[in-house]
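A.B. asks: Chains as they are written, first to last, in this note's numbering: chain A, -3 to 10; chain B, 20 to 276. Each residue gets a CB set at the ideal place from its N, CA and C atoms; glycine is no exception. Please read all numbers here as calculations on a predicted model, not as lab measurements.
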C-alpha cells in the first residue's frame, strides 16, 4: 500500500 | 510605506482562487523585488510558492520590507467587491496592522476602499533547493485540469509516468482503471497548445488526486502548465502568470511502505 509522504522529509525548515 | 497597483483586479482574484482551497491564511512578504508568498497546507503535504514581481505592477513602492499575514477567507470577501475591470491598489503603512484595498472603476466614477486587519502568523517556511529535474512536461493548463478531473472519478491517486514515448497518467479504484497517454506535439504551431516533454531519465511517481485538483484552480492564470519530476522528490506544478510572475505548487509523492 502507498503512504503519503510529508514535504519536510524532502525540504528543510528555514 | 507599501503600495502596489494592478490595472486589472482579475489577476489578484485569480491568484486568490488558486490558493484559497489549500490555505486558510498566508503571509505576503513584500520587498523591492515584489510580493512573495510561501505556505504549506494544513497537512504539510503541499506547498504554494507565489511570486508577483514589482515590474509587473502598474505602480509599485516598497520603502521597507513588509510582512502581511492575511486571512484568505477575508481577503476573498474583499476581492469579491472588486469588478473585474477595476484597478486594485494594496496599501500598508510601515509596521501597520492593517492593509487597505482600493478599487477604482475604469472611468474612476466609483472608488471603494476596504481595510483589513492583518494577522501575526508564525508559519513555518521551508528551504527548497535548486533542483535539476529528470523530466519536465509542458502542456495546456486546461488539458491538465481536464485530466485530473476525469481521472479523480476513478481513484484517489494518479500515477504519472514519463518515458521517452510520452507521459502517462493512470489511476484505478473500485469501478475500474483509467489511463491517459500524451505524446509530444509533432509540430508546434501554437506554443500554448503544445505538449512538450523533456526527459533525461524516466520517472514514475504517485500523487494524491485531491491536491492536483486544488492546483488546477490556477488554470485561468496561464494557458500552459509545467510539471517537473525527479525520482523520490516532490512534484512541481508551475503556472507562469504572464508579465508578472508565477505560482508553483509542490506536492510530496506517495510511496510504498
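Which two residues bound the contiguous alpha helix (DSSP H) that contains residue 92/B?
C.D. replies: Run containing residue 92/B: 91 to 98, per the alpha helix (DSSP H) assignment.
A.B. asks: What does residue 271/B reach in chain A if we use C-beta pairs closer than 8 angstroms?
C.D. replies: Here the neighbours are 0, 1, 2, 3, 5 and 6.
A.B. asks: Hey, is the region 241 to 259 of chain B in contact with the region 188 to 207 of chain B, meaning 3+ C-beta pairs nearer than 8 angstroms?
C.D. replies: Touching, no, given that fewer than three Cβ pairs across the two stretches are closer than 8 angstroms.
A.B. asks: Among the residues of its own chain, which have a CB less than 6 angstroms from the CB of residue 124/B, if the five just before and after it don't count?
C.D. replies: Excluding residues within five positions, the ones whose Cβ falls inside 6 angstroms are 105.
A.B. asks: Going by C-alpha to C-alpha distance, which of 88/B, 133/B, 144/B and 96/B sits closest to residue 114/B?
C.D. replies: When each option's Cα is compared against that of residue 114/B, the closest is 88/B.
A.B. asks: Tell me which residues of the region 36 to 64 of chain B have at least one Cβ-Cβ distance to chain A shorter than 7 angstroms, keeping chain order.
C.D. replies: Answer in chain order: 59, 63 and 64.
A.B. asks: Pick from 168/B, 268/B, 81/B and 47/B: whose alpha carbon is nearest that of residue 142/B?
C.D. replies: Among 168/B, 268/B, 81/B and 47/B, the Cα nearest to that of residue 142/B belongs to 47/B.
A.B. asks: Taking the beta strand (DSSP E) that residue 131/B falls in, what are its first and last residues?
C.D. replies: Note, residue 131/B: beta strand (DSSP E), 130 to 136.
A.B. asks: Tell me which residues share the same chain as residue 253/B and place their Cβ nearer than 6 angstroms to its Cβ, disregarding the 5 neighbours each side in the sequence.
C.D. replies: Taken in chain order, the residues that qualify are 269, 270 and 271.
A.B. asks: Could you tell me whether the Cβ atoms of residue 24/B and residue 117/B are closer together than 8 angstroms?
C.D. replies: No. Outside cutoff.
A.B. asks: Of the residues 110/B, 193/B, 73/B and 173/B, which one's Cα is nearest the Cα of residue 228/B?
C.D. replies: Comparing Cα positions, the closest option is 173/B.
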